[in-house]
Amino acid sequence: MLRERPVRLAWMIVCGLAVVSLLTAALARDLVELGPVLLETTSEYSRIRVRERAGVRTLSFVRDSGEEVIESQVDLRRPDDLVLPYTRAMFLSYLYQPQPRRVLIVGLGGGAMVHFLRRHDPDLQVDVVEIDPTVVQIADRYFGVRSEGRTRIITQDAFAYFPEVQEPYDVIYMDAFLKPSDETDSTGVPLRLKTTNFYRGVREKLTPEGIMVFNINPHPQVGDDVAAIREAFPALDLFRLQPGQGFVAIGAQREQVLGPRELSDRAAQLDRRFRTTFSFRQLARARVK
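Right, here's the structure in full:
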């Protein structure tokens with residue numbers, strides 16, 4: 144797993160931020176491709192839009208500048224197909240914890256990750272904690288994700304939820320974003336959900352072999368984010384997403400030294416096991432060396 148690679152990481156962050164500026168104009172064009180607005184509403188936490196084009200439904204948060212930021216996408220014809228690349232990389236978790244029994248997702252969005260887990264790991268207990276009741280209602284009505292079967296949606300602030308957790312989780316996925324404000328970073332991650340002390344507290348809610356997976360959007364303080372995670376966990380691996388889309392970090396309770404060959408072999412096993420529309424082997428190649 145990743146140890147100290149600050150110079151390489153810093154260079155990758157600079158390159159990533161440069162790409163973000165190049166993508167801004169493209170994003171405006173992409174909004175047209177997302178289709179007409181089905182819903183626009185404002186909750187206590189965010190201004191929210193739902194769009195649909197050719198069966199692909201998109202949930203976005205609208206910033207004060209008018210910028211529309213995609214939070215979730217679901218192909219209604221094949222809900223378990225992961226449309227957004229970062230959601231695919233989040234399930235590199237199975238490289239380190241191949242047989243989870245209980246997982247927690249922090250941040251619901253449109254529930255794309257829930258759809259994937261329901262289809263590919265149906266015996267898994269999936270809990271989701273989401274602070275915004277409006278998002279919970281939208282996920283139910285527009286994306287078909289609700290509490291049922293082995294899925295439990297909890298409408299609560301994750302910061303308040305974790306102290307109440309009694310049974311530990313094998314995997315915790317951190318994917319919580321709001322409209323940027325004084326209480327979040329520039330990407331919308333609540334500041335109190337990204338401190339070393341918070342991560343250390345969450346580690347107590349993991350099983351001994353448990354892991355925590357982080358969706359890290361590109362912004363100038365990405366290096367600080369990674370450093371905070373590294374300080375809280377004995378082991379850390381970092382995977383680069385497509386240019387300008389940030390990283391997925393995986394912090395583990397115990398050191399797991401996976402060489403390139405073993406990592407590739409485990410990823411190939413996942414490809415055979417899940418038979419998804421994407422390649423885990425290709426995703427695993429993006430580990431930061």
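Going from the sequence shown to this note's numbering is simple: count from 1 and add 143. In this text, a Cβ means the ideal position worked out from N, Cα and C, and glycines have one as well.
For Glu195, the beta-bridge partners assigned by DSSP are Arg200.
DSSP places Asp368 within a helical segment (H, G or I) once states are collapsed to three. With three or more CB-CB distances shorter than 8 Å, the region 334 to 343 counts as touching the region 371 to 380. Secondary structure of Ser215 (DSSP, three-state): strand. Under the three-state reduction of DSSP, Val345 is assigned to helix.
Note that the region 352 to 367 touches the region 385 to 392; at least 3 beta-carbon pairs, one per stretch, sit closer than 8 Å.
About 24 Å separates the Cβ atoms of Val308 and His258, ruling out a contact at the 8 Å cut-off. Residue environment for Pro243: buried (at least 16 other C-beta atoms within 10 angstroms of its C-beta). Contact between Ile354 and Val400 fails: their C-beta atoms lie close to 14 Å from each other, not under 8 Å. DSSP places Thr230 in the uninterrupted alpha helix (DSSP H) bounded by 228 to 233. The beta carbon of Leu238 lies closer than 6 Å to those of Arg409 in the same chain, with the five residues before and after it left out. In the three-state scheme derived from DSSP, where H, G and I count as helix and E and B as strand, Ala319 is classed as coil. Annotated three-state conformation of Tyr188 is coil, per DSSP.
Residue pairing by DSSP places Met256 in no beta bridge whatsoever.
The region 220 to 228 makes no contact with the region 243 to 253; the number of CB pairs closer than 8 Å stays below 3. Judged by DSSP secondary structure, Ala411 falls within the alpha helix (DSSP H) whose first and last residues are 403 to 417. In the DSSP assignment, Thr277 falls within the alpha helix (DSSP H) that extends over 276 to 286. Within the same chain, and ignoring the five residues on either side of Val279 in sequence, the residues whose Cβ sits closer than 7 Å to its Cβ are Leu251, Glu273, Ile296, Thr298. Boundaries around Ala301 are those of the alpha helix (DSSP H), 301 to 304, since no beta strand (DSSP E) includes it.
Taking all protein chains in view, the Cβ of Ala197 is surrounded by fewer than 16 other Cβ atoms within 10 Å, so the residue is classified as exposed. Going by C-alpha positions, Gly402 is about 44 Å away from Arg190. Residue environment for Ser324: exposed (fewer than 16 other C-beta atoms within 10 angstroms of its C-beta). Under DSSP, Arg383 shares a beta bridge with Phe390.
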